[in-house]
Amino acid sequence: MSSKSFRLNVSSAYWAICIAVCFFTSNVVCGLIVSPNLISNEVQIRDVGAALGLPIIGAFCYIILPLIISIAHKEVLKNAQNCGLSANESTVIANKIIRIPRKIFLFSLIAGLVIMFSYLYSERLFYIEELDFESNLKRFPLFLQTWWMWTGICLAIAVILRNTHIIDKFIVEHLTVELFRSYHTYPFSTAVFWNALFFSIGLSFVPLLWIGGEPQFKDFIMAGTVFLILINLTCYPLLRIKQIKSSTFETLKAANQYEWHLSEMTPHVSFEKLTPRERDLILSDTERLHNTPPKKWANAFQLIVRVTILISIPLLTWAGFQLLNKSLFFV
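When we follow the working numbering, the leftmost residue of the sequence shown carries the number -18, and every step to the right adds one.
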């Protein structure tokens, strides 16, 4: 592995858990995790949620990244081999997923610091005049945890953006019609679903920051923005593949309808980018497409189920946190 790159693996997740435990311990020792009923200052109530939410959300980001990278690596390796690439060529492309440039981590550190400083400064949370010096000093670990959490979020966005770029380049350079022999699945669909599932679960942890108090509008905006960015980056490869698959099916139908022969293929039917072997494959698949059309209802049902799961997780969790919040602190 190059000295200018690093990997996120199981040991990374282990260290993330250890750091989160240390943060929790620090928050307990500093007296930040208490019942909101015992305090009246609004900022200290917000600190209770931060003391609980920051370690969990931050650890979650670092824990899921190795899983996201592993799933993307397996998907790229499998589809590269399905496209007819050799084992060595497939490995070279897939290994780009797991070898992350160190500059990405440096960018995440800087971006996390900027977001942390901007948020705390705009909310006037660095120093609370209503509290004494000692109470303000006890709040210092929360600043470090905020930076740690936002670094993890920025690292997740950067890694997904890079993975999307690698997959997009693979689609453009290596995608062949062989990947469309199965009408019921899309290449990379497994990776897309699991990535979106992880993001949905991550979003469900956001209400931890509001335990004991009211949700902050700025937190809503930031959580929604991060979620939309990650979902768009995740789903982008599917949109590209769907376009290619639709074009391929139209070509197959046209070949079946007009009973064209290979010698009569013309560029205007999107065959100009296909090799002779791929053209033979299209002609051989024509009759099978005619006899066994794609079961679009199965694809639609599967899509509806997955989207329902992704939307339900944060909605149900947020509702559950709201009920828990009221039962614990306001009954």
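C-beta atoms are modelled at their ideal positions from N, C-alpha and C, and glycine is treated no differently.
Closest by C-alpha distance to residue i, when choosing among the options
i	options	result
VAL173	ILE78, LYS77 and TYR217	TYR217
LEU90	PRO122, GLU110, ALA139 and LEU118	ALA139
LEU136	ASN22, PHE86 and LEU101	PHE86
ILE210	THR171, THR145, HIS155 and ILE0	THR145
SER170	ILE182, PHE151 and ILE222	ILE222
PHE208	LEU178, LEU219 and LEU220	LEU178
ILE147	ASN306, ALA53 and SER67	ALA53
ASP200	SER67, LEU101 and PHE114	LEU101
ARG287	ASN176, ASP149, LYS59 and PHE302	ASN176
GLU84	ARG(-12), PHE151, CYS(-1) and ILE74	Glu is not the amino acid found at residue 84; the sequence shown has Lys there. Here the closest residue by C-alpha is ARG(-12).
TRP299	ILE0, ARG27 and VAL187	VAL187
ASN63	ASN22, HIS155 and VAL(-9)	HIS155
GLU104	LEU220, PHE198, LEU219 and ASP149	PHE198
ASN22	PHE88, LEU112, VAL9 and ASN(-10)	LEU112
ILE26	ALA204, PHE88, LEU106 and VAL153	LEU106
ARG143	ILE(-2), GLY183 and PHE88	PHE88
VAL153	LEU219, LYS55 and ILE0	LEU219
MET203	ILE285, SER99, GLY301 and ASN306	SER99
Check whether residue i and residue j have beta carbons under 7 Å apart
i	j	result
ALA61	SER71	yes
SER116	ILE294	no
ILE78	VAL95	no
CYS42	ILE134	yes
SER(-14)	ILE81	yes
LEU46	ILE141	no
TRP131	MET97	yes
SER7	PRO196	no
ALA372	ILE44	This structure gives no information on residue 372, because the portion of the chain shown stretches from -18 to 312.
LYS119	CYS3	no
Three-state class that DSSP yields for residue i in the structure shown
i	result
LEU305	helix
PRO314	Residue 314 lies beyond the range of the chain shown here (-18 to 312); nothing can be said about it.
ILE49	helix
ILE202	helix
SER(-14)	strand
ILE81	strand
LYS15	Per the sequence shown, the amino acid found at residue 15 is Val instead of Lys. Note: VAL15 maps to coil in three-state DSSP.
CYS64	coil
ARG105	coil
GLU111	coil
ILE20	coil
SER181	helix
CYS216	helix
ARG120	coil
PHE328	The requested residue 328 does not occur in the structure, where the chain is confined to residues -18 to 312.
PHE317	Because the chain here runs from -18 to 312, residue 317 falls outside it and cannot be looked at.
GLU240	Per-residue confidence for GLU240 stands at a pLDDT of 43, beneath the threshold of 50, marking its modelled position as unreliable; no derived number is given.
PHE98	helix
VAL(-9)	helix
PHE208	helix
Cβ distance (whole Å) where residue i is taken to contact residue j below 8 Å
i	j	result
GLU126	GLY39	It should be pointed out that residue 126 corresponds to Gln in this sequence rather than to Glu. GLN126 to GLY39, Cβ: 7 Å. Contact.
SER181	LEU297	With a Cβ gap of about 11 Å, SER181 and LEU297 do not count as contacting.
VAL24	ILE14	15 Å between Cβ atoms; not a contact.
ILE74	PHE151	6 Å
- Query: How about the segment 18 to 37 and the segment 191 to 200: do they share at least three Cβ pairs that are nearer than 8 Å?
  - Reply: Yes, the segment 18 to 37 is in contact with the segment 191 to 200.
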